[in-house]
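FYI, the working numbering numbers position 114 of the sequence shown as 127, with every residue one higher than the one before it.
Notes follow once the structure below has been shown.
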Amino acid sequence: MIGKLVLLMGPAGSGKGTLLSHIRERHPELAYPISWTTRAPRAGEEDGKSTNGKVYHFVSAQEFIQAKDAGAFLEWDHHFNNYYGTPVHEVQEALRVGNTVLQELEIRGVKQLLQKLPREQVKIIFVSAGTWEEVSKRALAREPIAPDELEKRHLHYQEEMLFSKNADFIIENKDGQLEEAKKRIDEVMKEILAS
């Protein structure tokens, strides 16, 4: 039996990490690949340890590029001035033995995976937090962002919102409605795991 790949995506500041952490608590049986990144760890983040649902392996740009050139990533992207990638071996092995894999990805990573895997094997959950103003407010509350970087994120937000029509499920996660978003994602995961 071949496993399923569940992709959690949405704009920066939409609450993907919070919902991913919620899913990890509810579904420890799922496979959660450790993403590689060249970005610096945020406050409280450690290499290989879960922070807000996400686990990263922090590497230099040179290490990342060498691994990428060696074909080590199922998908990879360069955005917000850093590289991010999903190790191919972790995902392929989990799928091969019939496990469900859950991964948080940006739009380019999702597009790459949709070209490599049968669509029926992939489920996309899109997390929306409303308007650009609401999403940017959340992102700015998390960390300072330069104006030119904020404009890049705005363009990225627009691209992701257009892509959301390709999602199998959309979770609304507006300010003050986190508990409702958690209930909805629980329903979605139940449906995915039952199929």
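Note that the Cβ used here is the ideal one computed from N, Cα and C, for glycine as well.
Could you tell me which residues DSSP pairs with S48 in its beta bridges?
-> Y69
Within its chain, find whatever has a CB closer than 8 angstroms to the CB of R197; leave out the 5 residues flanking it on each side and keep chain order.
-> I184 and E185
C-alpha distance - H35 paired with Q190, whole-angstrom precision | 14 angstroms
Compute the distance between the beta-carbons of L20 and L153, then report whether it is under 8 angstroms.
-> no
For I15, which three-state DSSP category applies?
-> coil
Beta bridge counterpart(s) of L20 as assigned by DSSP = Q116 and I137
Is the distance from the Cβ of L43 to the Cβ of L115 below 8 angstroms?
-> yes
Residues of its chain near G98, where Cβ-Cβ distance is below 6 angstroms and the 5 sequence neighbours each way are ignored = W49, F86 and W89
If you check the beta carbons only, do P100 and P41 fall under 8 angstroms apart?
-> no
Under three-state DSSP, which class holds D82?
-> helix
Enclosing beta strand (DSSP E) for I183 [first to last residue] = F182 to E185
Quick one: Cα of Y96 to Cα of R52, how far?
-> 7 angstroms
Whether A142 touches R151 by CB criterion (8 angstroms) | yes
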